[in-house]
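Undergrad: Handing you this structure, nothing more for now.
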Amino acid sequence: MPRVFVAIVLATSAATAQSPAHFASGSTSAAHTSSLQSARGALLPVVASSPDGWTTFQASADTRIVYVSSSSGDDANDGLAPAQAKRTLAAAKSLLRHGYPDWMLLRRGDVWYEGLGQWKTSGRSVSEPMLVATYGSATARPLLLTGASGGVWTEGGSQSPATIDNLALVGLHLRPAAFSGYGDCVGARMLQPGSHFLIEDCKFEGFSTNLVFQGFGGIHHDFMLRRSVIVDAFNVHGSGAHPQGLYAYAVHGLRIEQCVFDHNGWNAAVAGAEPDMFSHNVYIDNDNTGVFVRGNIIANAASHGMQLRCGGTVIDNLFVRNSIALSVGGGNNPEPAGVLANVLGNVILDGKDIDASNPRGWGVWLANIAQGNVLFNVIANNTLGKQPAFVTLDGNQVGDTHASVGVHDLSIGLNVIHNWGGSMVVDGNAAQINGVRLFSTDVQDSAYSFTLLEHIVPNSTLGIDSWSNRFFASHVPVGKWAQLGTTPAPIGVWMAQVGDSSSVVQQAAYKDPTRSPASYNATLGGAASLDAFLAAARQQSFTSWNPSYLAAAVDHYVRIGFLPLGH
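Below is the structure:
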């Protein structure tokens, strides 16, 4: 089946939330997605692929297939059959024709001490892309050790075409073995404007930034990153750009799904490469559109698990041990009227600090929001973040050049907040925070002594509607469950100010609310630690694909723990 790229379609309407029953936390991903679609009319994008979810490719009548093997090839060969493979990537790449659906296949298990370099050739069309992929029976991906240089890039100059289109990189492993942390050394830096670009089943590790999708001098269209492992980006502070797992700018139609992002932005073993507030697992800047992020494992970021300044849809991901799990909005160029935020069905666990001077432990932070939904999420069991907040609505945030619009028309519902510590922090006045609906959410804390609801400006309660929530805090006096400005208040006072007559004070009894990736890994026969779980998740590839190490499997396991006791 030829590869088919499908435009992303996102719901933009903001239907007023009704008053459903309390969240049945154990619902499956399919169930809560179906419910959300019914409630919001959301249209989720579909990618044409094989039954097991991998993208499929079909050679055209005029496809030239070029084989390359570092172990058995020879650049004197013609490269047009496995027995006549080229030896170097440069020799094989020279046979690819711009505008044709040519394939360059690297032998699995082989190792090259070179990268792919500047890429200058496009495929023919969406359904006839140029493909760089693999052949052979070895389990290991072909390994490209790029020294202290980048792996592959597009840019102007050197007789590059004006655009690079219809390109797929599949099944490659790139690592800069000689990179010491100084300077910019990017795994894949796609700068030349282009459309219909796919990275699937690749592993990028240890670059200063692993991936850059940046429309430089033009816009990228329809970029997809699927089932790849993006880990361990770092550099020494001040020696180059801030390290990221992925940085994206000026991409119209960006889809990221079923990837592993782990430990990007820092390296504790390298002096000067400690975590800072500017380095993230995923940094999706302003001026991107049609962003859809689904089913990823996002862990151990220097700062943000994901910074999504342009807004978009974030659904069914697992965020674990990030300083800030997810921020949406912030910045306002070119979105001065605010962005859309759909944060749906994610599991957020165990925050942390950036460092001793920058305590964090934030779940979901939102600013410059025109409309959005934060629904069906679990935010639970922070242990390391010393300045925790499970949700922050930042109406005072200053964007790139001026104040952002605040937070408006936002539904926060059907969530479970358990032992996160900290508050839902509302920062701004009633003009900056309005149309916010909090409903059918459990806010439960039996571990910490933090206020549950904090309004920095007391009159911001005028911008909140609330109903059918369940509040409890065992370590906080009942007169201090809320804070209005500097004044502590009982939850009943807060409810009166937001017009809530249906929420209750009640401790939830859950089946097993302590579930985690560590305990999940033990159910699979592995060690009961987060590190062991992530080590296994990093091994995901086409030849060793294990659905048990997808975010969806862990999310379902955690959600079952929040079923009512006795179920």
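Quick note on numbering: the sequence shown equals residues 484 to 1050 in this note's numbering.
In this text, a Cβ means the ideal position worked out from N, Cα and C, and glycines have one as well.
(1) So, is A1034 buried or exposed, given that buried needs 16 or more other C-beta atoms within 10 angstroms?
(2) Could you check the C-alpha separation between T539 and Q880 for me, to the nearest Å?
(3) Could you pull the start and end residues of the beta strand (DSSP E) that H656 belongs to?
(4) Looking at C-alpha atoms only, which residue of D545, L823, T997 and G828 is the closest neighbour of D1048?
(5) Between the C-alpha atoms of V753 and K686, what's the straight-line distance to the nearest angstrom?
(6) Which same chain residues end up closer than 8 Å to L967 when comparing Cβ atoms and leaving out the 5 residues on each side of it in sequence?
(7) Let me know if G946 comes out buried or exposed under the rule of 16 or more other beta-carbons within 10 Å of its beta-carbon.
(8) Can you tell me where the alpha helix (DSSP H) with L935 in it begins and where it stops?
(9) Flag this pair as yes or no: are the beta carbons of D877 and G911 separated by less than 9 Å?
(10) Could you compute how far the alpha carbon of A731 sits from the alpha carbon of A645?
(11) Rounded to whole angstroms, how far is the Cβ of A733 from the Cβ of G698, which I believe are closer than 8 Å?
(12) What span of residues does the alpha helix (DSSP H) with Q927 cover, start to end?
(13) Secondary structure at H1039, three-state DSSP: helix, strand or coil?
(14) Using DSSP with H/G/I as helix, E/B as strand and the rest coil, what is D948?
(15) Express the C-alpha separation of E757 and G700 in angstroms, rounding to a whole number.
(16) Using DSSP with H/G/I as helix, E/B as strand and the rest coil, what is A914?
(17) Beta-carbon within less than 7 Å of F1025's beta-carbon, same chain only, minus the 5 sequence neighbours each way: which residues are those?
(18) Excluding the 5 residues flanking Q915 on each side, which residues of the same chain have their C-beta closer than 6 Å to its C-beta?
(19) Taking the alpha helix (DSSP H) that S1002 falls in, what are its first and last residues?
(20) Assuming I548 contacts L572 under a Cβ cut-off of 8 Å, what Cβ separation, rounded to an integer in Å, is found between them?
(21) Per DSSP, E740 forms a beta bridge with which residues?
(22) List the residues that DSSP assigns as beta-bridge partners of G700.
(23) How many angstroms separate the CA atom of P819 from the CA atom of G882?
(24) Please check the pair G788 and F802, which I expect to be a contact at CB under 8 Å, by giving their CB distance rounded to whole angstroms.
(25) Taking buried to mean at least 16 other C-beta atoms within 10 Å of its own C-beta, is G666 buried or exposed?
(26) Note down the Cα distance separating Y583 from Q642, rounded to an integer number of angstroms.
(27) Classify P612: buried if its beta carbon has 16 or more other beta carbons within 10 angstroms, exposed otherwise.
(28) For L1007, which residues of its own chain have a beta-carbon under 7 Å away from its beta-carbon, when the five flanking residues on both sides are left out?
(29) G828 to H763, Cα distance in whole Å?
(30) Using only CA atoms, which one of L1013, G868, Y596 and V615 lies nearest to K576?
(31) Exposed or buried, which one is D745 when buried takes at least 16 other CB atoms within 10 Å?
(32) Would you mind working out which of R792, Q675 and G778 sits nearest D770, comparing C-alpha positions?
(33) When burial is assigned at 16 or more other CB atoms within 10 Å of the CB, is H901 buried or exposed?
(34) Taking V826 and F1045 to be in contact with their CB atoms under 8 Å, please state how far apart those CB atoms are, rounded to whole angstroms.
(35) For a minimum of 3 consecutive residues, which ranges assigned as the beta strand (DSSP E) are wholly contained in the region 581-644?
(36) Between which residues of its own chain and I837 is the CB-CB distance below 8 Å, once the five residues before and five after are set aside?
TA: In short, the structure shows the following:
(1) buried
(2) Straight-line Cα distance between these residues: approximately 44 Å.
(3) H656 to R658
(4) Note on residue identity: the sequence assigns Leu, not Asp, to residue 1048. Of the listed residues, the one whose Cα sits closest to L1048 is T997.
(5) 22 Å
(6) H938, P941, T944, V976, W977 and Q980
(7) buried
(8) That residue, L935, is in no alpha helix (DSSP H); it is neither H nor E in DSSP.
(9) yes
(10) 20 Å
(11) 3 Å
(12) Careful: Q927 lies outside any alpha helix (DSSP H), inside the beta strand (DSSP E) at D925 to D928.
(13) helix
(14) strand
(15) 33 Å
(16) coil
(17) The residues are W537, G654 and D684.
(18) G878 and G889
(19) DSSP places S1002 in the uninterrupted alpha helix (DSSP H) bounded by P1000 to T1006.
(20) Your pair I548 and L572 does not check out as a contact, with CB atoms roughly 15 Å apart and the cut at 8 Å.
(21) R709 and R777
(22) According to DSSP, G700 bridges with nothing at all.
(23) Their backbone Cα atoms lie some 9 Å apart in a straight line.
(24) Yes, they are in contact, since the Cβ atoms of G788 and F802 sit about 5 Å apart, within 8 Å.
(25) exposed
(26) 18 Å
(27) Buried.
(28) S1031
(29) 22 Å
(30) Out of L1013, G868, Y596 and V615, V615 has the C-alpha closest to the C-alpha of K576.
(31) buried
(32) R792
(33) Buried is the label assigned to H901, since at least 16 other Cβ atoms lie within 10 Å of its Cβ.
(34) That belief does not hold up - the Cβ atoms of V826 and F1045 are roughly 18 Å apart, past 8 Å.
(35) Note on the region 581-644: whole beta strand (DSSP E) runs with a minimum of 3 residues are 586-590, 613-618, 626-628 and 635-637, in chain order.
(36) P758, D759, M760, A785, S786, S806 and R843
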